[in-house]
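**Student:**
Numbering (the working numbering), first residue to last: 692 to 827.
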(Lines of atoms letter the chains of each structure in order from A and count residues from 1; the text may use other names and numbers.)
(Lines give C-alpha, C1' and ligand atoms only; values in the text may rest on other atoms or scores of the structure.)
Protein backbone atom coordinates (compact mmCIF):
# COMPACT_ATOMS: atom_id res chain seq x y z
CA UNK A 1 0.00 0.00 0.00
CA UNK A 2 2.77 2.46 0.87
CA UNK A 3 4.75 1.38 -2.21
CA UNK A 4 1.59 1.58 -4.33
CA UNK A 5 0.85 5.12 -3.11
CA UNK A 6 4.46 6.13 -3.69
CA UNK A 7 4.28 4.79 -7.25
CA UNK A 8 1.09 6.77 -7.88
CA UNK A 9 2.78 9.94 -6.64
CA UNK A 10 5.82 9.29 -8.84
CA UNK A 11 3.60 8.65 -11.89
CA UNK A 12 1.68 11.86 -11.21
CA UNK A 13 4.91 13.85 -10.87
CA UNK A 14 6.30 12.32 -14.08
CA UNK A 15 3.08 13.25 -15.93
CA UNK A 16 3.26 16.83 -14.62
CA UNK A 17 6.91 17.08 -15.66
CA UNK A 18 6.06 15.78 -19.15
CA UNK A 19 3.20 18.30 -19.50
CA UNK A 20 5.42 21.18 -18.37
CA UNK A 21 8.15 20.13 -20.79
CA UNK A 22 5.63 20.10 -23.65
CA UNK A 23 4.32 23.48 -22.48
CA UNK A 24 7.77 25.08 -22.53
CA UNK A 25 8.61 23.57 -25.93
CA UNK A 26 5.34 24.88 -27.38
CA UNK A 27 5.64 28.35 -25.84
CA UNK A 28 9.28 28.75 -26.90
CA UNK A 29 8.67 27.59 -30.49
CA UNK A 30 9.43 30.50 -32.86
CA UNK A 31 6.12 29.83 -34.69
CA UNK A 32 4.11 30.32 -31.49
CA UNK A 33 2.57 33.76 -31.03
CA UNK A 34 1.74 35.04 -27.54
CA UNK A 35 -1.45 37.13 -27.41
CA UNK A 36 -2.31 39.05 -24.24
CA UNK A 37 -6.07 39.23 -23.68
CA UNK A 38 -7.00 42.17 -21.50
CA UNK A 39 -10.18 42.82 -19.56
CA UNK A 40 -12.93 44.85 -21.24
CA UNK A 41 -15.33 47.25 -19.44
CA UNK A 42 -17.54 44.33 -18.27
CA UNK A 43 -14.60 42.86 -16.33
CA UNK A 44 -11.56 45.18 -16.43
CA UNK A 45 -9.47 43.09 -14.01
CA UNK A 46 -9.80 39.91 -16.11
CA UNK A 47 -6.93 38.63 -18.19
CA UNK A 48 -5.65 35.63 -20.13
CA UNK A 49 -2.89 34.66 -22.52
CA UNK A 50 -3.39 32.77 -25.76
CA UNK A 51 -0.52 30.90 -27.38
CA UNK A 52 -1.16 30.17 -31.05
CA UNK A 53 1.24 28.26 -33.28
CA UNK A 54 0.71 29.49 -36.84
CA UNK A 55 2.30 26.39 -38.40
CA UNK A 56 0.62 23.63 -36.38
CA UNK A 57 -2.58 25.69 -35.74
CA UNK A 58 -2.42 24.60 -32.08
CA UNK A 59 -3.96 26.95 -29.52
CA UNK A 60 -3.59 27.02 -25.75
CA UNK A 61 -5.14 29.42 -23.28
CA UNK A 62 -3.45 30.36 -20.01
CA UNK A 63 -6.06 31.84 -17.70
CA UNK A 64 -4.61 34.66 -15.65
CA UNK A 65 -7.73 36.06 -14.03
CA UNK A 66 -11.36 35.27 -14.83
CA UNK A 67 -14.21 35.16 -12.33
CA UNK A 68 -15.65 31.72 -11.57
CA UNK A 69 -18.59 31.26 -13.95
CA UNK A 70 -22.09 30.83 -12.53
CA UNK A 71 -23.70 27.38 -12.59
CA UNK A 72 -24.67 26.32 -16.10
CA UNK A 73 -22.26 28.77 -17.73
CA UNK A 74 -18.81 28.27 -19.26
CA UNK A 75 -16.19 30.45 -20.92
CA UNK A 76 -15.68 30.15 -24.67
CA UNK A 77 -12.63 31.23 -26.65
CA UNK A 78 -13.10 32.85 -30.05
CA UNK A 79 -10.60 33.58 -32.80
CA UNK A 80 -11.50 36.59 -34.92
CA UNK A 81 -10.61 36.04 -38.58
CA UNK A 82 -11.27 39.20 -40.62
CA UNK A 83 -13.92 40.16 -38.07
CA UNK A 84 -15.69 36.78 -38.21
CA UNK A 85 -15.75 34.87 -34.89
CA UNK A 86 -14.49 31.27 -35.06
CA UNK A 87 -15.21 28.92 -32.15
CA UNK A 88 -11.98 27.83 -30.47
CA UNK A 89 -13.71 25.79 -27.76
CA UNK A 90 -15.01 26.06 -24.23
CA UNK A 91 -12.89 25.86 -21.11
CA UNK A 92 -13.11 25.74 -17.36
CA UNK A 93 -11.89 28.69 -15.34
CA UNK A 94 -11.57 28.17 -11.63
CA UNK A 95 -8.79 28.14 -9.08
CA UNK A 96 -8.74 24.36 -8.62
CA UNK A 97 -7.85 23.26 -12.16
CA UNK A 98 -4.89 23.85 -14.45
CA UNK A 99 -4.88 27.33 -15.93
CA UNK A 100 -3.18 26.15 -19.15
CA UNK A 101 -5.64 24.36 -21.43
CA UNK A 102 -5.49 23.13 -25.02
CA UNK A 103 -8.17 24.55 -27.30
CA UNK A 104 -9.39 23.82 -30.84
CA UNK A 105 -6.93 24.42 -33.68
CA UNK A 106 -7.17 27.76 -35.49
CA UNK A 107 -5.84 28.45 -39.01
CA UNK A 108 -6.18 32.24 -39.20
CA UNK A 109 -6.77 34.96 -36.63
CA UNK A 110 -6.10 38.62 -36.03
CA UNK A 111 -7.53 38.61 -32.49
CA UNK A 112 -8.83 36.35 -29.73
CA UNK A 113 -11.67 36.97 -27.27
CA UNK A 114 -13.40 35.15 -24.41
CA UNK A 115 -17.13 35.28 -23.73
CA UNK A 116 -19.28 33.72 -21.02
CA UNK A 117 -21.80 31.35 -22.60
CA UNK A 118 -24.18 28.57 -21.63
CA UNK A 119 -22.39 25.36 -20.72
CA UNK A 120 -21.19 23.49 -23.80
CA UNK A 121 -20.77 26.67 -25.86
CA UNK A 122 -22.71 28.43 -28.58
CA UNK A 123 -22.42 28.90 -32.35
CA UNK A 124 -21.85 32.66 -32.20
CA UNK A 125 -20.55 34.82 -29.35
CA UNK A 126 -22.64 36.89 -26.98
CA UNK A 127 -20.72 40.16 -27.38
CA UNK A 128 -22.34 41.70 -24.29
CA UNK A 129 -20.76 38.83 -22.29
CA UNK A 130 -17.18 39.40 -23.52
CA UNK A 131 -14.62 39.35 -20.71
CA UNK A 132 -11.25 39.70 -22.47
CA UNK A 133 -9.94 40.66 -25.91
CA UNK A 134 -6.49 40.73 -27.48
CA UNK A 135 -5.17 41.50 -30.95
CA UNK A 136 -2.23 39.86 -32.67
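For every residue, glycine included, the Cβ atom is placed at its ideal position computed from N, Cα and C.
So, with DSSP's three-state summary, where would you put residue 712?
**Tutor:** helix
**Student:** Rank 768, 790, 772, 774 by C-alpha distance to the C-alpha of residue 780 and give the top, closest one.
**Tutor:** 768
**Student:** Would residue 756 pass as a contact of residue 739 if the rule is Cβ separation under 9 angstroms?
**Tutor:** yes
**Student:** So the candidates are 694, 805, 800; which of them puts its Cα closest to the Cα of residue 764?
**Tutor:** 805
**Student:** So who's on the other strand from residue 766, going by DSSP bridges?
**Tutor:** 782, 807
**Student:** Output yes or no for whether 9 angstroms exceeds the beta carbon distance between residue 734 and residue 761.
**Tutor:** no
**Student:** With 16 other CB atoms within 10 Å as the buried threshold, where does residue 726 fall?
**Tutor:** buried
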